[in-house]
Amino acid sequence: MASPMRNRRNIFHSEKEDKNVIKDVDSGRKGRVEHHVLGYYRRVHDALQDGFEEDEQREGFFQNVFKQTEEQEVKLCQNQTISRILEEILPMGNSTQIFIFFKGLLSDVETVMYDRFGAHVLQTTLSLALQFIAKKEKTEAYSALILTLSQMIVNQLESVAFDTYASHVLRTLLQVLGGLQVAERITRSKLSREQQQRDLLEETKVVLDARPEEFINELKSLKNGLMKSNQVEDFIYSPSASPVLAVLLLVLQKTDQELCMKTCRKLIKKCGLKEYNGEAKSSLPEVLTDPTSSHLLETIFDVASEDLIKELLVSSFHGNLLKLAKSPVANFVLQRLIARMGKIGQLDQMVSELGEGFESILAVNHTGVLLQLSEACYLCPANQETFLEYVLRALHCYEPEERQAKCIVLIASLEKYEDLFPEEDEDEKKQDQQSGFSQVKLHGSLLLQNLLKFQNKRIVVNGFLSLTSSDLKTIACQPAGSYLLEHFMAVERIKDKKKEQLLTTMKEHLHAICCNKNGSRAMESIFKMSSMKIKTLIASELSKRETQLHSDRFGSYVHRTCQLSQFRHRRDAWTSFMNKDDKKRKLFADVIGEEVKSSSPGESSKRQKKRKRKE
22 MASPMRNRRN
32 IFHSEKEDKN
42 VIKDVDSGRK
52 GRVEHHVLGY
62 YRRVHDALQD
72 GFEEDEQREG
82 FFQNVFKQTE
92 EQEVKLCQNQ
102 TISRILEEIL
112 PMGNSTQIFI
122 FFKGLLSDVE
132 TVMYDRFGAH
142 VLQTTLSLAL
152 QFIAKKEKTE
162 AYSALILTLS
172 QMIVNQLESV
182 AFDTYASHVL
192 RTLLQVLGGL
202 QVAERITRSK
212 LSREQQQRDL
222 LEETKVVLDA
232 RPEEFINELK
242 SLKNGLMKSN
252 QVEDFIYSPS
262 ASPVLAVLLL
272 VLQKTDQELC
282 MKTCRKLIKK
292 CGLKEYNGEA
302 KSSLPEVLTD
312 PTSSHLLETI
322 FDVASEDLIK
332 ELLVSSFHGN
342 LLKLAKSPVA
352 NFVLQRLIAR
362 MGKIGQLDQM
372 VSELGEGFES
382 ILAVNHTGVL
392 LQLSEACYLC
402 PANQETFLEY
412 VLRALHCYEP
422 EERQAKCIVL
432 IASLEKYEDL
442 FPEEDEDEKK
452 QDQQSGFSQV
462 KLHGSLLLQN
472 LLKFQNKRIV
482 VNGFLSLTSS
492 DLKTIACQPA
502 GSYLLEHFMA
512 VERIKDKKKE
522 QLLTTMKEHL
532 HAICCNKNGS
542 RAMESIFKMS
552 SMKIKTLIAS
562 ELSKRETQLH
572 SDRFGSYVHR
582 TCQLSQFRHR
592 RDAWTSFMNK
602 DDKKRKLFAD
612 VIGEEVKSSS
622 PGESSKRQKK
632 RKRKE
């Protein structure tokens with residue numbers, strides 16, 4: 022147990038926090054507890070943070086804590102502070118302790134699952150129950166409790182589905198009966214995801230391979246209850262019930278494909294998509310423009326069979342794709358449809374129909390549509406050249422051909438040629454054109470990264486080699502641009518000679534780039550991945566201003582990575598060290614695979630967003 026001194030110290034909290042507790046107690050709000058009880062659980066939390074020196078001490082601590090919760094489960098989990106502490110404690114309990122706690126919650130399950138804080142505790146307990154069943158610990162006992170909860174929910178299914186908090190319990194129950202965990206972007210609210218201090222589950226994960234027959238039947242019972250409800254159409258548009266249907270589809274996709282397809286077809290029919298005739302109506306159907314129902318449609322596109330997707334494309338979407346692309350909500354549905362068609366390998370009609378309207382799509386700033394289409398074209402090489410032509414035409418740099426040399430700054434900024442290069446006199450045209458290029462947009466950077474993965478990248482590579490030193494500095498010193506530059510240098514199918522040419526152009530501003538936060542990170546990465554010849558080229562240029570680089574906050578990182586002091590004074594030792602470092606990197610790459618090779622176009626976006634969150 023924590024020392025007396027530690028406990029005494031942890032009793033004291035901020036005055037503001039204490040006032041809030043008193044206010045909760047005095048207001049008569051449900052979930053109120055005595056001050057000494059709240060203080061006890063706060064000390065429990067502090068003890069958890071401090072850790073335990075011995076396993077025996079830890080075991081005794083949890084035995085005491087779970088003993089204190091017995092017959093108090095419902096009341097405790099309704100308190101905001103204690104409920105969060107319970108969610109920390111529960112994963113550390115053994116099968117017996119969690120079973121007793123679960124049973125206590127079921128003594129008044131309606132109060133718990135409709136409660137703002139109790140619902141979260143019940144979700145955590147349900148997930149733990151599934152894990153113990155997977156470990157074959159108290160399988161029958163836990164199964165009985167789960168089935169009891171399910172039957173209680175079936176009797177009030179519509180009420181549960183529409184409730185903000187109880188619907189989350191239903192989502193978790195569907196996963197437990199399916200023996201899996203669904204991606205948390207579906208199961209958790211946006212606020213809940215933002216508050217998580219851990220990495221979120223991004224893909225469905227199977228927890229229990231062999232499910233009890235009772236689980237299979239109970240899942241079907243819940244599915245029938247939801248789909249046969251008179252309010253199923255209302256479910257589709259409900260912020261609480263719609264995610265329940267999405268979880269149901271994801272669970273059925275893994276457990277019963279045939280039933281999943283039947284459910285998809287029924288939901289599509291209820292949405293009225295098949296009856297939609299875009300040519301006869303000027304507006305899109307509500308299911309595509311409503312923020313809630315559109316998310317459900319995205320899930321349907323994820324789980325539906327190829328035949329159903331093709332059927333939907335022909336009956337409801339062809340001829341209407343541009344309408345979808347320009348809609349503030351429906352464009353996200355379109356992006357999911359594009360992604361699915363890319364995996365199926367049939368993009369011809371989508372590329373031609375959308376390509377004609379790229380300029381109008383850019384005008385409403387729905388650049389995600391172009392980005393998603395570029396990722397799909399990566400999987401369908403036959404459409405790559407057509408896609409690139411449409412992009413260049415939309416930015417007014419396909420014709421005349423000399424404009425193609427400016428394609429990088431135009432795509433990176435997602436601006437038209439006339440916006441960055443105003444018309445000039447003939448005498449001025451003979452001189453180097455000075456562009457108004459000053460910003461690299463995230464989607465512009467990601468679009469160029471995808472274009473560099475295309476089979477024929479001649480226009481894009483030549484565009485990079487046509488960049489001025491100032492343009493390269495602008496790109497390297499911006500968050501999205503620095504990743505773009507790094508990606509260019511990482512593409513193996515681009516010859517080292519062209520990479521050297523790009524770095525030679527950068528020479529004028531190389532020191533300034535290395536002294537920039539984003540440029541420094543990019544140059545470190547470029548140096549590590551480069552050939553010995555390029556390493557020498559970089560080190561040779563930077564060593565001219567070694568002292569200034571070493572004294573700069575960000576430049577010092579590059580100075581250390583490039584080993585500039587050794588480069589200047591002990592060149593042979595530097596060369597030997599770098600050669601050994603290269604061999605280690607190549608050996609490591611052979612074992613795990615290069616990240617650039619193995620990553621799909623969308624993964625670079627995730628890495629950049631993750632880095633942004635950390636910063």
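First residue of the sequence shown? That's 22 in the working numbering, and the numbers climb one at a time after it. The beta carbon of each residue, even a glycine, is placed where N, CA and C say it ideally should be.
In the structure shown, L305 falls within a coil segment according to DSSP collapsed to helix, strand and coil.
Non-local beta-carbon contacts of N539 in its own chain, meaning distances under 8 Å to residues more than five positions away in sequence, involve A497, C498, Q499, P500, G502 and S503 in chain order. Exposure of A594 is indicated by the presence of fewer than 16 other C-beta atoms within 10 angstroms of its C-beta. Here Q202 is bridged, per DSSP, to K226. Residue burial annotation: E507 is buried, with at least 16 other C-beta atoms found within 10 angstroms of its C-beta.
The residues A560, S564 and W595, in chain order, have a CB closer than 7 Å to that of F588 in the same chain once the five nearest residues on each side in sequence are set aside. For E92, the CB contacts under 7 Å within the same chain, skipping 5 residues up- and downstream, are G125 in chain order.
About 6 Å separates the CB atoms of L435 and T388; that is less than 8 Å, so the two are in contact. At a Cβ-Cβ threshold of 9 Å, E179 and Q252 count as neighbours. Residue range S116 to L127 is occupied by the alpha helix (DSSP H) that includes Q118. If you draw a straight line from the Cα of Q522 to the Cα of E513, it is about 15 Å long.
For L368, the secondary structure class from DSSP, reduced to helix, strand or coil, is coil.
Within the stretch 386-449, the complete alpha helix (DSSP H) segments at least 4 residues long are 388-400, 405-415, 428-434 and 438-441, listed from N- to C-terminus. When C-alpha distances from Q144 are compared across K554, K156, V130 and A155, the shortest belongs to V130.
Taking a cut-off of 8 Å on C-beta distances, the stretch 72-82 does not touch the stretch 102-112, as fewer than three cross pairs fall below it.
For the pair L305 and K344, the CB atoms are nearer than the 9 Å cut-off. Look at A325 here: in three-state DSSP terms it is coil, with no helix or strand label. For the options H590, Q152, V430 and C536, the alpha carbon positioned closest to that of S577 is the one of C536. Taken through DSSP and simplified to helix, strand or coil, T526 comes out as helix. Collapsing the DSSP output to three states places C535 in a helix.
Distances from the alpha-carbon of Q470 to those of P402, S395 and Y419 put S395 closest. Residue state for Y186 is assigned as coil, using DSSP reduced to three classes. The beta carbons of Q356 and Q393 sit about 4 Å from each other, so the pair counts as a contact at 8 Å. Restricting attention to alpha helix (DSSP H) runs no shorter than 4 residues, the stretch 51-117 encloses them at 56-71, 76-90, 94-98 and 101-110, ordered along the chain. Residue environment for D492: buried (at least 16 other C-beta atoms within 10 angstroms of its C-beta). C-alpha of A384 to C-alpha of L413: approximately 15 Å in a straight line. The straight-line gap separating the alpha-carbon atoms of K520 and L229 is approximately 50 Å. Out of Q89, L391 and P421, the CA that lies nearest to the CA of L409 is found in L391. F588: member of the alpha helix (DSSP H) spanning L585 to H590, first to last residue. The C-beta distance from L431 to G457 rounds to 11 Å, too long to fall under 8 Å, and the pair is not in contact. Look at E319 here: in three-state DSSP terms it is helix.
For G465, the uninterrupted alpha helix (DSSP H) segment begins and ends at L463 to L472. Shown here, C498 sits in coil according to DSSP, grouped into three states, outside any helix or strand. When the five nearest sequence neighbours on each side are left out, the beta carbons in the same chain lying within less than 8 Å of the beta carbon of D311 are those of Y258 and V350, in order along the chain.
Remark: C-beta atoms of L247 and L271 do not approach each other more closely than 9 Å.
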